[in-house]
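Residue numbers (our numbering): 18 to 197. The beta carbon of each residue, even a glycine, is placed where N, CA and C say it ideally should be. The structure displayed is predicted, hence computed values, not measured ones. One structure below.
Below you can see the structure in the form of structure tokens.
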């Protein structure tokens with residue numbers, strides 16, 4: 018089977034193109050899905066250099082997500098989340114960025130991420146952060162780094178919602194979240 022005539026196939030070397038074809042990856046969508054699932058790393062003879070070549074051809078493009086186009090959902094920890102940029106949706110590669118909103122007087126559930134490091138940046142409101150055995154006040158402008166496996170939660174004060182930007186690397190996954 019011949020690959021589709023999409024431009025990314027024309028941007029990679031013949032060797033890497035053959036490796037993709039031999040492994041049944043004949044469309045741009047198949048290559049991107051294989052990359053996002055992590056299966057690309059498991060293909061025989063496709064080393065780091067070849068994967069970088071595939072990433073540059075198939076994934077490297079300007080990415081923009083207008084805020085109005087992002088639907089909110091409630092995540093495992095109980096916060097209202099808007100995925101502003103995530104590899105499974107937008108095509109970026111190694112991290113995710115979300116906006117989390119915790120309602121006035123509410124808290125997220127105590128949880129940890131087994132693989133992801135997180136950075137929280139408070140954009141509005143104030144409240145309290147529990148990070149490991151420590152609890153401390155947080156407010157607009159504060160930034161907190163959360164190491165993998167560190168139990169954490171945030172609570173919003175009664176005066177209004179707490180809004181945070183949450184950056185995860187590797188990208189956020191429900192399966193990486195353990196409720197405590």
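{"query": "Once the 5 residues before and after residue 20 are set aside, which same chain residues still bring their CB inside 6 Å of it?", "result": "Because residue 20 carries a pLDDT of 42, less than 50, the predicted location of this residue cannot be relied on, and the following value inherits that uncertainty. Within the same chain, residue 20 has close Cβ partners 26, 43."}
{"query": "How about the segment 82–93 and the segment 155–167: do they share at least three Cβ pairs that are nearer than 8 Å?", "result": "no"}
{"query": "Does residue 249 come out as helix, strand or coil in the three-state DSSP assignment?", "result": "Lying outside 18 to 197, the shown extent of the chain, residue 249 is not represented and no answer is given."}
{"query": "Just how far apart, CA to CA, sit residue 7 and residue 31?", "result": "A query on residue 7 cannot be resolved here, the shown segment of the chain reaching from 18 to 197 and no further."}
{"query": "By a C-beta neighbour count over all protein chains shown, 10 Å radius and 16 as the cutoff for buried, is residue 197 buried or exposed?", "result": "exposed"}
{"query": "Does residue 45 come out as helix, strand or coil in the three-state DSSP assignment?", "result": "helix"}
{"query": "Tell me which same chain residues have a C-beta within less than 6 Å of the C-beta of residue 67, skipping the five on either side of it?", "result": "33"}
{"query": "How long is the line joining the alpha carbons of residue 140 and residue 193, rounded to whole angstroms?", "result": "25 Å"}
{"query": "Closer than 8 Å is the cut-off here; do at least three beta carbon pairs connect the segment 168–183 with the segment 123–134?", "result": "yes"}
{"query": "What are the residues that DSSP puts in a beta bridge with residue 137?", "result": "161, 183"}
{"query": "Count the other CB atoms, across all protein chains shown, that sit within 10 Å of the CB of residue 160; report buried if there are 16 or more and exposed otherwise.", "result": "exposed"}
{"query": "Shortest alpha-carbon distance to residue 144 belongs to which of 162, 50, 178?", "result": "178"}
{"query": "Flag this pair as yes or no: are the beta carbons of residue 175 and residue 120 separated by less than 8 Å?", "result": "no"}
{"query": "What first and last residue would you give for the beta strand (DSSP E) that runs through residue 68?", "result": "First-last for residue 68: 65–75, but that is the alpha helix (DSSP H), not the beta strand (DSSP E)."}
{"query": "Alpha carbons only, please: which of 111, 49, 97 is nearest the one belonging to residue 103?", "result": "111"}
{"query": "Under 8 Å between the Cβ atoms of residue 113 and residue 189?", "result": "yes"}
{"query": "Less than 7 Å separating the Cβ of residue 47 from some heavy atom of the ligand GTP?", "result": "The ligand GTP is not among the ligands present in this structure, which contains no ligands whatsoever."}
{"query": "For residue 4, I'd like the list of residues in its chain whose CB is within less than 7 Å of its CB, leaving aside the five on either flank, ordered along the chain.", "result": "Because the chain is modelled from 18 through 197, residue 4 falls outside the range shown and cannot be assessed."}
{"query": "Suppose the cutoff is 8 Å on Cβ atoms and the five residues either side in sequence are ignored; what does the same chain contact list for residue 153 look like?", "result": "145, 146"}
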